[in-house]
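**Student:** The sequence shown begins at 617 in this note's numbering and counts up one residue at a time.
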Amino acid sequence: MARMHTRRRGKSSSTRPPQGKAPDWCSRSADETEDLIVQFAREGLRPALIGIRLRDQYGIPATRLITNKTVYQILKERELLPNLPEDLTNLIKRAVNLRRHLEENRKDVSSKRGLQLIESKIHRLSKYYRGNKVLPKTWKYDWRNAAILIR
617 MARMHTRRRG
627 KSSSTRPPQG
637 KAPDWCSRSA
647 DETEDLIVQF
657 AREGLRPALI
667 GIRLRDQYGI
677 PATRLITNKT
687 VYQILKEREL
697 LPNLPEDLTN
707 LIKRAVNLRR
717 HLEENRKDVS
727 SKRGLQLIES
737 KIHRLSKYYR
747 GNKVLPKTWK
757 YDWRNAAILI
767 R
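1. Just to confirm before moving on: does the CB-CB distance between E702 and A664 stay below 8 Å?
2. Using 10 angstroms around the beta-carbon of I636, count the other beta-carbons present and answer buried if the total reaches 16, otherwise exposed.
3. Could you tell me how far apart the beta carbons of L661 and R671 are, in whole angstroms, since I believe they sit closer than 8 Å?
4. Shortest alpha-carbon distance to I764 belongs to which of A657, A711 and K627?
5. By Cβ distance below 6 Å, which residues in the same chain neighbour D651 in space, the five residues on each side in sequence not counted?
6. Tell me whether E720 is buried or exposed, calling it buried when 16 or more other Cβ atoms sit within 10 Å of its Cβ.
7. Could you check whether I666 and A678 sit closer than 8 Å to each other, using their CB atoms as the reference points?
8. Could you work out which residue in S629, I653 and T683 is closest to A638 when comparing CA atoms only?
9. Given this structure, state the Cα-to-Cα distance separating T754 from S742, to the nearest angstrom.
10. For S629, which residues of its own chain have a beta-carbon under 7 Å away from its beta-carbon, when the five flanking residues on both sides are left out?
11. For A762, tell me which candidate among L700, R625 and S645 has the shortest Cα-Cα distance.
12. Can R715 and W759 be called in contact, C-beta distance under 8 Å?
Right, dumping it as structure tokens:
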């Protein structure tokens, strides 16, 4: 598959080998793992950071192997998901930071192009989420209110 804004191909990456069950060295139960996920979500961590913290500090390689649910599914059951999806939030943060940079450096033409590409990704992703009913039909990205959205 080609990259979004260029005609080049992407680099292939390694994939985790398929596993049917949790490894023997992982001693956490499903309830303990879910409690950790809920605790981290209440602290304000995003789902990706929750997975990283579980892997690095608690030795849980994949929550799906232990609980048969993903971090996202657990947070959805407990109604702890953030208002905006994580990938959309990250793109909006990048656009806000780039706009702030462009206010100080008005002649940075390559950054203007980068902002156009980021905002087109935001529009494309928001259209996808509106179609899948993750966002309301009336939700619309506005760069003037973007800094308020990500707080």
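All C-beta atoms, glycine included, are put in the ideal place defined by N, C-alpha and C.
**Tutor:** Result, derived from the coordinates:
1. The Cβ-Cβ distance between E702 and A664 falls below 8 Å.
2. First, the residue type needs correcting, since residue 636 is Gly and not Ile in the sequence shown. Exposed, since its Cβ has fewer than 16 Cβ neighbours within 10 Å.
3. That pair is no contact at about 13 Å.
4. A711
5. Excluding sequence neighbours, D651 sits near nothing in its chain.
6. exposed
7. no
8. T683
9. 11 Å
10. none
11. For A762, the nearest C-alpha among the options comes from L700.
12. yes
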